[in-house]
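Those protein sequence lines, which keep their order, are chains A and B.
Number 91 in our numbering belongs to position 91 of the first sequence; there are no gaps in the numbering.
Whatever position you read off the second sequence (first residue = 1), add 287 for our numbering.
Remarks on the structure that follows.
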Amino acid sequence: MMRNKDTYTILTLLLLLPMLLPSAAVAQHCAHEAINPYRVVQRSTLHGVSLLNTLDTYLSGYDHKGAGYHIQHETLRRAHTGSYNWIFQTRTSATLGIATQHNNSQILLMASRCWSGYHPFAIGRHLKILAGAQIKAEGGALYTPAYSNNPVSAKISATVGASVAAIYTFSIGEKEYKARYTMDLPLTGAMFAPEYGQSYYEIFGLGHTKGIIHISSPLNAPSMVHTFSIDIPTKKSTLRIAYTADIFQSDINHLRTHIYNHSFSVGYVRTIYKVKRNDPIEAYSPL
Amino acid sequence: MKNLLYNIIITAAAFVLTTGCVEEESFDNSPQGNLEALWSIIDERYCFLAYAEEQYGLCWDDVLTKYHKQAADAESNAELFDIMGNMLRELRDGHVNLSSEYGMSYYWDWKLDYPINFSDSIQRNYLGKDFRINNGIYYTMLQDSVAYAYVGSFANAFGNSNITAAMMQLAHCKGLILDIRNNGGGMLSAAEQLASHFTTEKIHCGYIQHKTGKGHNDFSKPEPLYLEPGKGARWLKPVVLLTNRGVFSSANHFTMLMRALPQVTVMGDKTGGGSGMPLSSNLPNGWNVRFSACPILDKEKRHTEFGIEPDTAVHISSEDWDKGRDTIIDAACKHILQQAQEQEKNNQHT
Numbered sequence: 001m002m003r004n005k006d007t008y009t010i011l012t013l014l015l016l017l018p019m020l021l022p023s024a025a026v027a028q029h030c031a032h033e034a035i036n037p038y039r040v041v042q043r044s045t046l047h048g049v050s051l052l053n054t055l056d057t058y059l060s061g062y063d064h065k066g067a068g069y070h071i072q073h074e075t076l077r078r079a080h081t082g083s084y085n086w087i088f089q090t091r092t093s094a095t096l097g098i099a100t101q102h103n104n105s106q107i108l109l110m111a112s113r114c115w116s117g118y119h120p121f122a123i124g125r126h127l128k129i130l131a132g133a134q135i136k137a138e139g140g141a142l143y144t145p146a147y148s149n150n151p152v153s154a155k156i157s158a159t160v161g162a163s164v165a166a167i168y169t170f171s172i173g174e175k176e177y178k179a180r181y182t183m184d185l186p187l188t189g190a191m192f193a194p195e196y197g198q199s200y201y202e203i204f205g206l207g208h209t210k211g212i213i214h215i216s217s218p219l220n221a222p223s224m225v226h227t228f229s230i231d232i233p234t235k236k237s238t239l240r241i242a243y244t245a246d247i248f249q250s251d252i253n254h255l256r257t258h259i260y261n262h263s264f265s266v267g268y269v270r271t272i273y274k275v276k277r278n279d280p281i282e283a284y285s286p287l
Numbered sequence: 288m289k290n291l292l293y294n295i296i297i298t299a300a301a302f303v304l305t306t307g308c309v310e311e312e313s314f315d316n317s318p319q320g321n322l323e324a325l326w327s328i329i330d331e332r333y334c335f336l337a338y339a340e341e342q343y344g345l346c347w348d349d350v351l352t353k354y355h356k357q358a359a360d361a362e363s364n365a366e367l368f369d370i371m372g373n374m375l376r377e378l379r380d381g382h383v384n385l386s387s388e389y390g391m392s393y394y395w396d397w398k399l400d401y402p403i404n405f406s407d408s409i410q411r412n413y414l415g416k417d418f419r420i421n422n423g424i425y426y427t428m429l430q431d432s433v434a435y436a437y438v439g440s441f442a443n444a445f446g447n448s449n450i451t452a453a454m455m456q457l458a459h460c461k462g463l464i465l466d467i468r469n470n471g472g473g474m475l476s477a478a479e480q481l482a483s484h485f486t487t488e489k490i491h492c493g494y495i496q497h498k499t500g501k502g503h504n505d506f507s508k509p510e511p512l513y514l515e516p517g518k519g520a521r522w523l524k525p526v527v528l529l530t531n532r533g534v535f536s537s538a539n540h541f542t543m544l545m546r547a548l549p550q551v552t553v554m555g556d557k558t559g560g561g562s563g564m565p566l567s568s569n570l571p572n573g574w575n576v577r578f579s580a581c582p583i584l585d586k587e588k589r590h591t592e593f594g595i596e597p598d599t600a601v602h603i604s605s606e607d608w609d610k611g612r613d614t615i616i617d618a619a620c621k622h623i624l625q626q627a628q629e630q631e632k633n634n635q636h637t
């Protein structure tokens, strides 16, 4: 049975989503860039440090602060359908960390994978705007070792949302640098949340799973991810330095959660040019 | 292009306007702040406040008034810990504990206010020297082919093969005395696993609920609990389950499960209770609190938080105690022999 809150959520989404629809229509008219039939794949793996702030009222009513290890792998590739260019991104990231409040500690393990599709718009010579949609799957848990009963709070969600990015290319000397800002906004999806006082024994031991999956929206799960990165060319490769603010939040069944994950990471970018059998090879361009 | 960007900006702005930070109202890390935080956790998440009010007139608001002043006057953290521990004792629940560097607060009256009805010294006279131990189960054969098994804890899981092996070794006996006196609990799954070896069919034996909101009466619909047959040997001969006030938590749950079985008679004293499955939380100063969150009800939907009455109440008499005899075990032996005789008579008639 759908609840009043869920109905309200759906109505809000219906109000929000049409704002993107005219964008798609305009995009078709504006897509006059030359068709690039070449597939360029750019892969990066970044390693870094996460600064964490966690709150999960199922476990504790107080913020826990700490640090962790962050890894992020991204693949970007260009594609074209008819006369339209697209950029597809897959991003996998994981964080393992520990956050504390006085003598209490929470161990955090979160992992996510998202698939995004963007339509690029060039604004002048240096700036490119990407607008598109994203599907994201995220899972993990907060574990409190001090609790003898029910020490874990699981986080599982699957969302659909909007993603926008701006890529600015600039030169210093003879080298070309690239700065990129990306914002991912989950708009709706499904999220796991136990009832207010429900134990995991009841859910997983006895199989009382009714009502544990909820429709998520910015009203009950106002999450977002902001990423800022700079690509710095080196002699043989490209170095990427990135800052990611991953804001995971939910307020379902009177259980409030936030996981603020500010990660600073660094790694190398590899660009692979996948040339099809019949393609000429002289024209290609990295993203 | 401009229209597209405009729409994107509007969408992003609409998103940002509908979102915000998810935070929780927190209490000060002061003596009063910590006491209020503890009071609030119990007020919102503890599952027996309405039942305690009904049973012995507990008013949780009055409890705050009573202890708030004491917390304000506390001269040290150790004193504050004692005050807060005393506040939790008002709940009369052995599952509610405050833990910190000063130790753990307990409520023991559910056990200490009653006769002990168990002595491991006297138990030795029955176990003798030939008893076996199999994964926490102590067992032997008493006089007149009556089997005796003692399970003192559910802290560790039993193996189905261990339970089966013990049952096979006692299979020729007329009946089983299953003694869980002073079993303070452990894992519900261990209790359920042992109980599953006493049935060949799925038995409805109780209900479980959980809180759905912060109100004292905000509970989910009671969901039925079933006991499923276990893998391996099943004991279907007469069983007398021995209980005393030291039977608590998952041992109390075990008693509730076994009571639902036709061949089981519960004998001894009322159990200690502790039917609420505990969750934990913490305070601004980092102290942890454990509290009952999910009530488990028997199959008549009655609370078992304050214990389960035996089918046959028996106490160890002082004369027997002095003689080194266990009145409860002796009564259980008689009961099993009586049942065995009745069964024999029935078999002769048929």
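Ideal placement from N, C-alpha and C gives every residue a C-beta, glycine not left out.
Would you kindly work out how many angstroms separate the C-alpha atoms of Gly-61(A) and Glu-310(B), rounded to a whole number? 9 Å
Ignore the nearest five residues each way along the sequence and tell me which others in Ile-464(B)'s own chain have a CB closer than 6 Å to its CB. Tyr-435, Val-527, Ala-619
Please report how far the alpha carbon of Gly-68(A) lies from the alpha carbon of Asn-261(A), in whole angstroms. 9 Å
What residues match up with Ala-166(A) in a beta bridge as DSSP calls it? Ile-129(A), Tyr-181(A)
Does the beta carbon of Pro-402(B) sit closer than 8 Å to a beta carbon anywhere in chain A? no
By the three-class DSSP mapping on this structure, what secondary structure does Ala-146(A) have? coil
Provide the residue span of the beta strand (DSSP E) that contains Met-564(B), from first to last. 563-569
Would you mind listing the alpha helix (DSSP H) stretches within the segment 545-607 of chain B that are 4+ residues and don't spill past its ends, in chain order? none
Quick one: residues in its chain with C-beta nearer than 6 Å to the C-beta of Trp-326(B), no 5 flanking neighbours on either side, listed in chain order? Leu-351
Compare the C-alpha of Lys-65(A) against each of Leu-127(A), Gly-97(A), Val-41(A) and name the closest. Gly-97(A)
Which residues, taken in chain order from the segment 476-501 of chain B, show a beta carbon closer than 7 Å to some beta carbon of chain A? Ser-476, Ile-495, His-497, Lys-498, Thr-499, Gly-500, Lys-501
Cα separation between Ile-583(B) and Thr-591(B)? 7 Å
Along the chain, which unbroken stretches of the alpha helix (DSSP H) at least 4 residues long are found entirely within the segment 454-535 of chain B? 475-482
Alpha carbons only, please: which of Leu-55(A), Tyr-196(A), Val-40(A) is nearest the one belonging to Thr-100(A)? Leu-55(A)
Assign Ala-478(B) to buried or exposed, taking buried as 16 or more other Cβ atoms, counted over all protein chains shown, within 10 Å of its Cβ. buried
Residues bridged to Arg-240(A) (per DSSP): Asp-231(A), Gly-267(A)
For the alpha helix (DSSP H) holding Trp-86(A), just list the boundary residues, first then last. Run containing Trp-86(A): none in the alpha helix (DSSP H); it sits in the beta strand (DSSP E), 84-101.
Helix, strand or coil for Ala-434(B) per DSSP? strand
Please list, in chain order, the residues of the segment 199-217 of chain A that have any C-beta partner in chain B closer than 8 Å. Ser-199, Tyr-201, Glu-202, Gly-205, Leu-206, His-208
I'd like the span of the beta strand (DSSP E) that includes Ser-112(A), first residue to last. 104-123
Can the beta-carbon of Ile-241(A) be found closer than 8 Å to that of Ser-250(A)? no
Name, going along the chain, the residues of the segment 557-577 of chain B whose beta-carbon falls closer than 9 Å to a beta-carbon of chain A. Met-564, Pro-565, Leu-566, Ser-567, Ser-568, Asn-569, Leu-570, Pro-571, Asn-572, Gly-573, Trp-574, Asn-575, Arg-577
Can you list, in chain order, the residues of its chain whose CB lies under 6 Å from that of Ala-359(B), leaving out five sequence neighbours each side? Gln-319
In this structure, does DSSP put Lys-65(A) in helix, strand or coil? strand
Local conformation of His-226(A) per DSSP, three classes: strand
Residues of the segment 44-63 of chain A with Cβ closer than 9 Å to any Cβ of chain B, in chain order: Leu-55, Thr-57, Tyr-58, Leu-59, Ser-60, Gly-61, Tyr-62, Asp-63
Expressed to the nearest angstrom, what Euclidean distance is found between the alpha-carbon atoms of Ile-403(B) and Ser-363(B)? 36 Å
Residues in its own chain within less than 6 Å of Tyr-425(B) by CB, not counting five upstream and five downstream? Phe-418, Tyr-437
Helix, strand or coil: how does DSSP classify Met-19(A) here? Low local confidence applies: a pLDDT of 40 at Met-19(A) is under 50, so the model's placement there is unreliable, with the coordinate-based value given in what follows. It is helical.
List the residues of chain B whose Cβ lies closer than 7 Å to the Cβ of Tyr-196(A), in chain order. Lys-498, Thr-499, Gly-500
At the 8 Å Cβ level, is Pro-222(A) part of the contact set with chain B, yes or no? yes
Hey, is Glu-323(B)'s beta-carbon within less than 8 Å of any beta-carbon in chain A? no
Name, please, each residue of chain B whose Cβ falls closer than 8 Å to the Cβ of His-254(A). Gly-500, Lys-501
Let me know the secondary structure DSSP gives Ser-440(B) once reduced to three states. coil
Among Gly-502(B), Glu-510(B), Val-383(B), which has the Cα closest to the Cα of Val-576(B)? Val-383(B)
Residue nearest to Ser-263(A) in terms of C-alpha spacing, selected from Leu-46(A), Val-40(A), Ser-116(A): Leu-46(A)
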